[in-house]
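J.:
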């Protein structure tokens, strides 16, 4: 996991979100424009330049109790406005493992 | 089996109560994540892609049936109904909630299981041969010493904040099933010319970014001195190991930078100061630990019971028996390896239902004992030969009788990018595809012993460097790319594999492996020449040529 | 930053000197190792007590000639993840028989108290007030110890031996 500090040096190449894992249960969450965390990528605040990204990340990092390990992740935005993850890692975080899970027993 | 006494139980309970308090302080914000991270890691809690991952220790790979049932219970109650057995005699749960972890730990503590130091920069679970105590020809049961060292390394006041993680493995057999040469400290139990029990001590092995095979630091350390000798190694490491760069912080780098001679002189000097201290172990202490390992009351049974003779007519049974059943030190008994590598399945996974059912079978057929090996398979260590046919039928119903132990589909794989936040590429789907390609048992048998190890990043949890065929997933321009090595091995002749060519894409990996296998089949001198022997005889060049000629 | 000594929060009698702070006339002082070694004679001639702040990457053996003369040794945890000072503490207590105050400084947190006590520390500059207040309670969290150290706590192995022998007497 890249630390947020290191990420601060990185310029973003396209639309991005801030994502993390919720502290109490660990699930994947995204930072919203309302300064909260949501499990829905569709509710994530979208940042489009490095300044915005840094600001959103700084604001998210400050909420140390709510979620852990926030970082900036790329997304793609479809013509219909739908937000989809920008790489395989984020795709897997969003939709789960690419392999079948054993039946729940 | 080792039986915890009141003292061990008290410590585990105190640990659970401490962690409960720490989790509470974390959730209330009293502890920052920066402060809490190490505390959770020291209790086996990682953060992975989807959730927290919880790693539970199975010291020296020995489980009682009530312990296996407790693991099934945790999988069912706190997770998604399955667990993943790792290469270091641990089990991992992938979807655990931090808020529920203290309860899960408490449930495990009731049966003497813990997750202490399964992560973090401290001494990890002490591992051993999964056949310890039952393999023919052992010097002595290495678990006695493993347990001694487990206790000594648990919550050690000096060495809980080392430069980096620290792993110890012990074997007592000529054939090393514990991969001691890729550990920070490897211990080989031996007898000296006076007949005294002691250890050949190896140090500085490890995989990851900079792989090294461990070097012998001392040819014989008497058993009574083993704790002081380990303490001396750790003290030198704690003081001089690098802390400026996480990739150079393992003891292997210190040993490499100082050279084994200088390193061993430092250790020797330190050791002379502490060897005649309270760390010296008297026979009574060893006797006490030995007395708490119980062994089954074996019956006097025939070498070849009628049940076995009759079952030999069934080719499916015979295929499994020849593959999965190994000789036991007691006549009439066998060690049965249980493959957790079904065709198309993720290597090392077991469902709660399988764990419960296996616990029942272990009660019925293996004196209530189960073992976990570094190849991510399980074993029943004391099965009467007459019970083999019945056991096979029961295992088969559970999907646990795939006859592929030590064959090409007995793949070691890390969780990879499907679960792991460090991974760059997926491992499990590669393994799944390979198990499908080589699902034909006759083909796999024709190929013979061949280990494929897959890691989804340079950290090498899938031990790719020491796979006969090693597969390392990396990321290149946003795509998963895999590098293939051949010729590695993890046993007493441990060697690192050699790269055979440029990386290949996700979809091409299975094809390349097929080509490597085809090259081997064409190059081997006779059917008995194993893959490793052909590579050793010819080197990697002929493989390179054949595999990459058309690419 | 509260100081815990003798199990409770106390005032700190020592004043910390930097490398270049002018030497005060009297009073107890804690001096960085470098300055201490350079000015040892002058420092030790003063009327007040002298302690030394020893960095975790300097060989503690260099301090041995002065151990009978210093009133305190402060070892440093630049972060709680850096465990070098635990080795230094044990060497001071167990090899060099140092009996004066052994103080933990730096990032000293509640969750490391037990390790520090076992390694021989007896004074703690605790980072958080709440941790300092919880000292006694935290120090008692464990009753079982597997390793022998210089703190004299009985180890699990020896407790077992005692139990065995006491059982043996009865039978």
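Residue numbers (our numbering), protein chains in the order written: chain P, -8 to 96; chain R, 14 to 564; chain S, 778 to 948. Quick reminder that beta carbons are idealized off the backbone N, C-alpha and C, glycines included.
(1) Please classify residue 873(S): is it buried, with 16 or more other beta-carbons within 10 angstroms of its beta-carbon, or exposed?
(2) Spell out the partners DSSP gives residue 362(R) in its beta bridges.
(3) From residue 287(R) to residue 152(R), what distance separates their C-alpha atoms?
(4) Tell me where the beta strand (DSSP E) around residue 347(R) begins and ends.
(5) Is it true that the stretch 377 to 397 of chain R meets the stretch 343 to 355 of chain R, where meeting means three or more beta-carbon pairs spaced less than 8 Å apart?
(6) By the three-class DSSP mapping on this structure, what secondary structure does residue 556(R) have?
(7) Tell me which residue opens and which closes the beta strand (DSSP E) that residue 26(R) is part of.
(8) For a contact defined as C-beta to C-beta under 7 Å, what are the partners of residue 895(S) on chain R?
(9) Using a Cβ-Cβ distance cut-off of 9 Å, determine whether residue 401(R) contacts chain S.
(10) Does the distance from the CB of residue 534(R) to the CB of residue 399(R) come in under 9 Å?
(11) Please tell me whether residue 372(R) has its Cβ less than 9 Å away from any Cβ of chain P.
(12) Please confirm whether residue 22(P) and residue 35(P) have their CB atoms less than 9 Å apart.
(13) With C-beta atoms as the reference, is residue 510(R) less than 9 Å away from residue 500(R)?
(14) By alpha-carbon positions, which one of 907(S), 915(S) and 905(S) ends up nearest to residue 893(S)?
(15) Shortest alpha-carbon distance to residue 246(R) belongs to which of 258(R), 526(R) and 283(R)?
(16) In the DSSP output, which residue or residues are listed as bridge partners for residue 235(R)?
(17) Taking just the CA atoms, how far does residue 362(R) sit from residue 95(R)?
(18) Under 8 Å by Cβ, that's how I've got residue 66(P) and residue 7(P) pegged, so tell me the actual separation to the nearest angstrom.
(19) Would you please verify whether the beta carbon of residue 924(S) is less than 9 Å from any beta carbon of chain R?
(20) Return helix, strand or coil for residue 197(R), following the three-state DSSP convention.
(21) Under 8 Å: do the stretch 131 to 141 of chain R and the stretch 168 to 179 of chain R share three or more Cβ pairs, one atom per stretch?
(22) Does residue 859(S) come within less than 9 Å of chain R when only Cβ atoms are used?
(23) Thinking C-beta only, is residue 171(R) closer than 9 Å to residue 985(S)?
(24) Rounded to the nearest angstrom, what separates residue 493(R) and residue 406(R) at their Cα positions?
(25) At a cut of 8 Å, does the stretch 914 to 932 of chain S reach the stretch 160 to 167 of chain R through at least three beta carbon pairs?
(26) Spell out a yes or no on whether the stretch 56 to 66 of chain R and the stretch 431 to 444 of chain R are touching, meaning 3 or more CB-CB pairs, one atom from each, closer than 8 Å.
(27) Going by other Cβ atoms of all chains shown within 10 Å of its Cβ, with 16 needed for buried, is residue 932(S) buried or exposed?
(28) Among the residues of its own chain, which have a CB less than 8 Å from the CB of residue 18(R), if the five just before and after it don't count?
(29) Going along chain R, which residues have a C-beta under 7 Å from residue 59(P)?
(30) Identify the residues that DSSP records as bridge partners of residue 841(S): which are they?
(31) Helix, strand or coil: how does DSSP classify residue 931(S) here?
(32) Does the stretch 354 to 368 of chain R come within contact of the stretch 43 to 59 of chain R, defined as at least 3 CB pairs closer than 8 Å?
(33) Does the pairing of the stretch 443 to 450 of chain R with the stretch 421 to 429 of chain R give three or more beta-carbon distances under 8 Å?
(34) Compare the beta carbon distance of residue 402(R) and residue 336(R) with 9 Å and say whether it is the shorter of the two.
(35) Cα separation between residue 549(R) and residue 529(R)?
(36) Between residue 18(P) and residue 12(P), which are expected to be in contact by the criterion C-beta below 8 Å, what is the C-beta distance as a whole number of angstroms?
T.: On the basis of the coordinates in this document:
(1) exposed
(2) 97(R)
(3) 27 Å
(4) 346 to 351
(5) yes
(6) helix
(7) Element bounds for residue 26(R): not the beta strand (DSSP E) but the alpha helix (DSSP H), 19 to 40.
(8) 170
(9) no
(10) no
(11) no
(12) yes
(13) yes
(14) 915(S)
(15) 283(R)
(16) 211(R)
(17) 7 Å
(18) 6 Å
(19) yes
(20) coil
(21) yes
(22) yes
(23) What is shown of chain S runs 778 to 948, which leaves residue 985(S) out entirely.
(24) 40 Å
(25) yes
(26) yes
(27) buried
(28) 305
(29) 46 and 60
(30) DSSP lists no partner for residue 841(S).
(31) coil
(32) no
(33) yes
(34) no
(35) 14 Å
(36) 7 Å
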